[in-house]
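Visitor: My structure is below; once you've seen it, I'll send some questions.
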Amino acid sequence: MSPSWKQAEAPVRAVDRGAQVSQRFSDQLIAVLPRLRRFARGLTGSASEADDLVQAACERALAREHQFQEGTRFDSWMFRIVQTVWIDQLRAREVRKEDANVAEERLGSDAPVRTIEARLALAEVRRAVQFLPPDQRTTLMLVTVEGLSYKEAADVVGVPVGTIMSRLARARIALQQHLETGGASRRSVKNAEAQ
Amino acid sequence: MQKHSDETLVAYLDGELDGAERQHVEAWLAADDAARDRLTGLAQSADLLRSAYGDIVNEPVPERLIAAARGETAGEAQPRAAEILVLRRPQRSTMTMPGGRWGIGIAAAAALFGLVVGGTGSYLASGLLSSGNPAAEQRLAAAAANNTWLDNAAGYYKLVVSAGDALTIDVAADADSREALQKASLPQTRWPDLKPWGLNFRGARLVVVEGRPAAQLVYTTENKAIGPLTLVIGASKQSDIQPTFDHRQDVNLLYWRHQGRAYALVGQTDIGYLWGIANDVAWQLDAI
Chain D
1 MSPSWKQAEA PVRAVDRGAQ VSQRFSDQLI AVLPRLRRFA RGLTGSASEA
51 DDLVQAACER ALAREHQFQE GTRFDSWMFR IVQTVWIDQL RAREVRKEDA
101 NVAEERLGSD APVRTIEARL ALAEVRRAVQ FLPPDQRTTL MLVTVEGLSY
151 KEAADVVGVP VGTIMSRLAR ARIALQQHLE TGGASRRSVK NAEAQ
Chain Z
1 MQKHSDETLV AYLDGELDGA ERQHVEAWLA ADDAARDRLT GLAQSADLLR
51 SAYGDIVNEP VPERLIAAAR GETAGEAQPR AAEILVLRRP QRSTMTMPGG
101 RWGIGIAAAA ALFGLVVGGT GSYLASGLLS SGNPAAEQRL AAAAANNTWL
151 DNAAGYYKLV VSAGDALTID VAADADSREA LQKASLPQTR WPDLKPWGLN
201 FRGARLVVVE GRPAAQLVYT TENKAIGPLT LVIGASKQSD IQPTFDHRQD
251 VNLLYWRHQG RAYALVGQTD IGYLWGIAND VAWQLDAI
């Protein structure tokens with residue numbers, strides 16, 4: 001079989017709107033997708049909900065492409081959109097009080113994670129994050145995981161730097177206390193099993 | 001005071017204090033064992049937090065998100081056969097067409113497919129569309145799926161370029177290929193040696209093509225004119241096609257399908273170079 005040339009079918013956008021999206025904007029969006037997914041995972045505590053959130057954020061970003069100011073950080077702009085969409089969803093669904101329970105169920109159904117202690121520890125961290133109030137969760141993910149400066153995080157969330165400092169400190173202390181408590185209970189379980 | 005101390009300690013850890021504040025905290029830490037312990041605990045929990053979310057950025061990005069970033073919706077990015085409606089051709093066009101015309105027909109149908117997904121109701125109302133031609137439906141589905149898969153191959157290439165040295169590899173270049181790919185749930189394949197082309201194999205990444213795991217083999221070079229190059233290999237149920245050139249999202253692609261595998265060589269280099277590499281890949285993998 002000898003290979004031969006032919007011109008491919010013309011690329012087709014699925015929707016007319018797609019053709020209006022600038023290539024550069026779309027490229028920037030694709031490049032930042034992995035970090036948006038991580039940020040969204042931290043906010044929602046669920047892989048599928050995180051991807052739904054990122055998808056909704058992409059759609060909102062495309063609709064507001066003209067609002068992005070060249071020369072500013074694209075990732076920060078997208079983090080802000082993800083956070084805004086998430087808050088909208090939280091308000092719409094009124095699930096703030098259910099978050100902790102939902103996270104518990106998700107972890108409980110992930111049986112393989114429980115078989116490996118290292119992964120269990122990391123799962124416990126993610127679980128602990130879900131116990132934090134949404135504003136602290138957002139700040140923690142932006143600064144500690146995504147590496148934004150306090151000023152950049154303040155711009156994303158739309159609050160003063162001092163508020164970021166206090167939210168972050170409360171989140172870090174709460175996280176540490178939760179992990180210490182969880183670690184203690186896990187050690188108790190292990191000791192009980194050993195006996 | 002305690003609250004202020006916590007804020008200061010956290011800010012110190014995050015490198016957010018200026019010189020004078022930092023010195024003040026360091027003097028405090030030197031004199032206070034409890035503060036040092038607290039700082040150590042905070043640092044450890046921060047490290048744990050970063051580890052807990054570290055791997056997520058290395059996961060393959062779902063096709064629907066890449067499609068969304070391109071301005072397409074999830075439903076459009078993942079066409080289902082049941083949604084496909086076929087252009088009712090005039091009687092004359094149902095006759096055997098010259099080979100070259102099929103491509104045009106499919107392209108036109110594929111273009112309409114995009115419109116169909118976006119506005120099925122109006123097209124149905126206009127009476128231009130009907131279903132019930134299985135062969136045409138199959139070819140139309142193939143054309144639509146092809147669009148998605150090639151756009152995604154280009155998108156995955158752009159992720160590699162944008163990541164640069166920070167790119168995370170699922171299967172290292174020095175790993176035993178078959179075993180490592182199997183562990184990573186990637187399609188079983190060998191990776192071609194492209195050193196004669198000045199391309200060094202950097203490793204394989206797990207991506208998703210047509211909803212199934214696929215291997216994105218990443219090759220890099222010092223030659224900026226050639227740039228990085230990727231070869232995506234995934235399983236396919238579509239019929240074999242000859243090597244075909246396409247250009248998507250400012251990226252050149254050379255793709256073909258052979259015996260249940262879909263291949264896409266993706267790069268920003270010129271097509272002549274891609275063609276030579278594709279021949280080499282095909283020879284090494286017996287893929288054409």
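For the record, the sequence lines run as chains D and Z.
Residue numbers for the first sequence follow this note's numbering, so the first one is 1 and each next one is one higher.
Residue numbers for the second sequence follow this note's numbering, so the first one is 1 and each next one is one higher.
In this text, a Cβ means the ideal position worked out from N, Cα and C, and glycines have one as well.
The structure displayed is predicted, hence computed values, not measured ones.
#1: Do Z/V57 and Z/A153 have their C-beta atoms closer together than 8 Å?
#2: Determine the extent of the alpha helix (DSSP H) in which Z/N279 is found, giving its start and end residues.
#3: What does a CB cutoff of less than 6 Å around D/Q83 pick up in its chain, not counting 5 residues either side in sequence?
#4: State the DSSP-derived secondary structure class of Z/P60, mapped to helix, strand or coil.
#5: Less than 7 Å between C-beta atoms, sequence neighbours within five positions excluded: which residues of the same chain meet that for D/M141?
#6: Using the Cα positions of Z/S162 and Z/I169, report the straight-line distance between them to the nearest angstrom.
#7: Nearest to Z/E63 by CA position, among D/A57, D/D51, D/A153, D/F68, is which residue?
#8: Measuring CA to CA, which of Z/R50, Z/L199, Z/G164, Z/R205 is closest to D/G147?
#9: Name the residue from Z/L206, Z/V218, Z/Y255 whose alpha carbon lies nearest to the alpha carbon of Z/L194.
#10: Looking at C-alpha atoms only, which residue of D/Q55, D/R127, D/A154, D/Q130 is the closest neighbour of D/V85?
#11: So, are the CB atoms of Z/G227 and Z/G164 less than 8 Å apart?
#12: Examine chain Z for any beta-carbon lying closer than 8 Å to the beta-carbon of D/P34, and answer yes or no.
#13: Alpha carbon to alpha carbon, how far is Z/N200 from Z/E222? Give it in angstroms, no decimals.
#14: Compare the C-beta of Z/S51 against all C-beta atoms of chain D and say whether one is closer than 8 Å.
#15: For the segment 57-69 of chain D against the segment 23-37 of chain D, do three or more pairs of beta-carbon atoms, one drawn from each stretch, fall closer than 8 Å, so that the two count as touching?
#16: For a test of the three-state rule: what should DSSP assign to Z/P243, helix, strand or coil?
#17: Skipping 5 residues on each side, what residues in its chain have a beta carbon closer than 7 Å to that of Z/V208?
#18: By a C-beta neighbour count over all protein chains shown, 10 Å radius and 16 as the cutoff for buried, is Z/A20 buried or exposed?
#19: Please name the residue in Z/A262, Z/Q249, Z/A43 whose C-alpha comes closest to that of D/I173.
#20: Hey, is D/A121's beta-carbon within less than 8 Å of any beta-carbon in chain Z?
#21: Would a C-beta distance cut-off of 8 Å place D/V156 and Z/Y53 closer than the cut-off?
#22: Mapping the DSSP letters down to three states, classify D/Q130 as helix, strand or coil.
Guide: Here's the rundown:
#1: Contact annotation: Z/V57 and Z/A153 have beta-carbon atoms that are not nearer than 8 Å.
#2: Counting along the chain, the unbroken alpha helix (DSSP H) around Z/N279 starts and ends at 271-285.
#3: Spatial neighbours of D/Q83 in its own chain (CB-CB distance under 6 Å, excluding positions within 5 residues in sequence) are listed in chain order as T138.
#4: Note: Z/P60 maps to coil in three-state DSSP.
#5: Taken in chain order, the residues that qualify are F39, G42, L43.
#6: So the alpha carbons of these two residues sit roughly 14 Å apart.
#7: Comparing Cα-Cα distances from Z/E63 to each of D/A57, D/D51, D/A153, D/F68, the minimum goes to D/D51.
#8: When only C-alpha atoms are compared, the closest one is Z/R50.
#9: Here the closest residue by C-alpha is Z/V218.
#10: When only C-alpha atoms are compared, the closest one is D/Q55.
#11: By the CB criterion at 8 Å, Z/G227 and Z/G164 fall outside the cutoff.
#12: Chain Z contact via Cβ: present.
#13: Just so you know, the alpha carbons of Z/E222 and Z/N200 end up roughly 9 Å apart.
#14: Taking Cβ atoms only, chain D reaches closer than 8 Å to Z/S51, which makes this a yes.
#15: Contact between the segment 57-69 of chain D and the segment 23-37 of chain D is present, because at least three Cβ pairs lie under 8 Å.
#16: Correct three-state label for Z/P243: strand.
#17: Around Z/V208, the same chain offers P60, P62, E63, A214 as residues with beta carbons nearer than 7 Å, after the five sequence neighbours per side are excluded.
#18: With fewer than 16 neighbouring CB atoms inside 10 Å of its own CB, Z/A20 falls in the exposed class.
#19: When only C-alpha atoms are compared, the closest one is Z/A43.
#20: Residue-level contact check: D/A121 touches chain Z, since one or more beta carbons of chain Z fall below 8 Å from its beta carbon.
#21: Their beta carbons are not under 8 Å apart, which means D/V156 does not touch Z/Y53 by this criterion.
#22: Looking at D/Q130 - three-state DSSP - the assignment turns out to be helix.
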